[in-house]
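Numbered per the working numbering, the sequence shown finishes at 349, counting up by one with no gaps. Heads up, the beta-carbon is just placed ideally off N, CA and C, and yes, glycines get one too. None of the values given here were measured: they were computed from a predicted structure. Working notes for the structure below.
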Amino acid sequence: AGMMYDQYGDLRVIKRNYSAMKKWMDYMRTKYGKEGLITKDTYGDWCVPPESPELIHSQDPARQTDGTLLSTAYYIQLLKRMSQYATLTGHKQDVAGYDALITSMSAAFEKKFFDSGKKIYGNGTQTSSVIPLAFDLVPPGDREALVANLTRKIESESNNHVGVGLVGAQWLMRTLSDNGHADLAFTIATQPTYPGWGYMVEKGATTVWELWNGDTADPAMNSGNHVMQIGDLNVWLYEYLAGIRSDPANPGFRHTIIKPYAVKGLNFVKASHKSMYGTIVSAWKREGSSLTLAVTIPPNTTATVLLPSASQPDTPDGAKFLRMDAGRAVFEVPSGSYSFTAGQ
6 AGMMYDQYGD LRVIKRNYSA MKKWMDYMRT KYGKEGLITK DTYGDWCVPP ESPELIHSQD
66 PARQTDGTLL STAYYIQLLK RMSQYATLTG HKQDVAGYDA LITSMSAAFE KKFFDSGKKI
126 YGNGTQTSSV IPLAFDLVPP GDREALVANL TRKIESESNN HVGVGLVGAQ WLMRTLSDNG
186 HADLAFTIAT QPTYPGWGYM VEKGATTVWE LWNGDTADPA MNSGNHVMQI GDLNVWLYEY
246 LAGIRSDPAN PGFRHTIIKP YAVKGLNFVK ASHKSMYGTI VSAWKREGSS LTLAVTIPPN
306 TTATVLLPSA SQPDTPDGAK FLRMDAGRAV FEVPSGSYSF TAGQ
């Protein structure tokens, strides 16, 4: 429902299913809510890389993320969605209730799982850091320390490889990038050795395995075509490397955000998205110390372009320079094609 709205501006799925979603939220809290937490969990962080290449599931408690931590974090995230959906569909009488639950359950989540001394959640798995960061559950003053713990764990314990299961993989690449570590995300994505997507490719896979160790684990549970384990990699390619994003405030690409991440190790990226208004293009290339970004915006739409740049670049004809913001030059552009050049 959320994707239909973000990508197409189509509220029909949300409107049609609002009452069912509300009932489900009420049921889960009534049946599995305890002290502001949600205890229902079955699979956890499914298929985290195990300690032995023959294992399907890790037996190591240090690799396993608490199920109540995952369920509660996701429930709070769904409450945020429901608050938004209530506003969008005219059920404004429900908003205050959802917002109150967000506040109380977030406090219960922090009290139960956050170690303010160690700056970790739960037992400190990578996924137990990724999810609170992705869902904005971390106290602002502790966010930087939690990110540092996460990257340290990836670098030292995972040797810059994947160290999460299905749940963590849904948010890993975007969370690292949003917190200043897009280069580390790129390193993880391109590792040709186990565990990771590149390892599957090196072993001849043409589809995504269910298990990171799909070539060595017991075949009893081991699909060779299991899109779930792709995580947020595809989204990251389009919305982060190329930078083509729908605007939450103006969904459906009537207004587009172009915010590419020019990671080290890549010299060019080119991507396009066929929106309802036409094809959106974002293509950048690095030449020496300069970065060139070519953008095409369809008729009857506009875009905000956030160009990675060390200083204010020249403004192409038709574009309007707005400001410098955190290492990016921000432009507003109407429909058309533009070429931006920035110093790195």
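query                                                                                                                                                                                   : result
Residues in its own chain within less than 7 Å of Leu171 by CB, not counting five upstream and five downstream?                                                                         : Asp50, Trp51, Cys52, Met233, Gln234
Quick one: what's got a C-beta closer than 8 Å to Pro318's C-beta in the same chain, skipping five residues either side?                                                                : Leu312, Ala334, Phe345, Thr346, Ala347, Gly348
With a Cβ-Cβ cutoff of 8 Å, do Gly7 and Asp71 count as a contact?                                                                                                                       : no
Ignoring anything shorter than 3 residues or poking outside the segment 232-286, list the beta strand (DSSP E) runs there in chain order.                                               : 249-251, 260-263, 273-280
How far does the alpha helix (DSSP H) with Ala174 in it extend, from its first residue to its last?                                                                                     : 171-174
Following the continuous beta strand (DSSP E) through Pro303, name the residue where it begins and the one where it ends.                                                               : 295-313
Could you please give me the residues that DSSP links to Ile61 through a beta bridge?                                                                                                   : According to DSSP, Ile61 bridges with nothing at all.
Assess, as a yes-or-no matter, whether the segment 114-122 is touched by the segment 156-163 under the definition of 3 or more beta carbon pairs within less than 8 Å.                  : no
Just tell me which of Thr156, Met110, Arg157, Ala153 has its CA closest to the CA of Phe140.                                                                                            : Met110
Please return the same chain residues whose Cβ sits closer than 7 Å to the Cβ of Met329, not counting the five positions on each side in sequence.                                      : Gln317
Identify every residue that forms a DSSP beta bridge with Ile136.                                                                                                                       : In the DSSP output, where bridge partners are listed per residue, Ile136 has none listed.
Express the C-alpha separation of Gly341 and Ser277 in angstroms, rounding to a whole number.                                                                                           : 14 Å
What does the alpha-carbon distance come out to for the pair Ala101 and Thr92?                                                                                                          : 10 Å
Using the three-state DSSP reduction, which class does Lys290 fall into: helix, strand or coil?                                                                                         : strand
Going by DSSP, which residues form a beta bridge with Glu337?                                                                                                                           : Thr309, Lys325
Taking Met355 as part of the alpha helix (DSSP H), name the residues at either end of that continuous run.                                                                              : For residue 355 there is no data in the structure shown, the boundaries of the chain being 6 and 349.
With 16 other CB atoms within 10 Å as the buried threshold, where does Glu215 fall?                                                                                                     : buried
Please work out which residues of its chain come closer than 8 Å, Cβ to Cβ, to Ala254, disregarding the five sequence neighbours upstream and downstream, and give them in chain order. : His260
So if DSSP puts Gly3 in a beta bridge, which residue, or which two residues, is it bridged to?                                                                                          : Residue numbering for the chain in the displayed model covers 6 to 349; residue 3 lies beyond these limits and cannot be assessed.
Are the beta-carbon atoms belonging to Gly201 and Ile193 less than 8 Å from one another?                                                                                                : yes
Are the CB atoms of Met26 and Tyr80 within a distance shorter than 8 Å?                                                                                                                 : no
In the DSSP assignment, find the unbroken alpha helix (DSSP H) run with Gly372 in it and report its ends.                                                                               : Residue 372 lies beyond the residue range present for the chain, which begins at 6 and ends at 349; the question has no answer from this structure.
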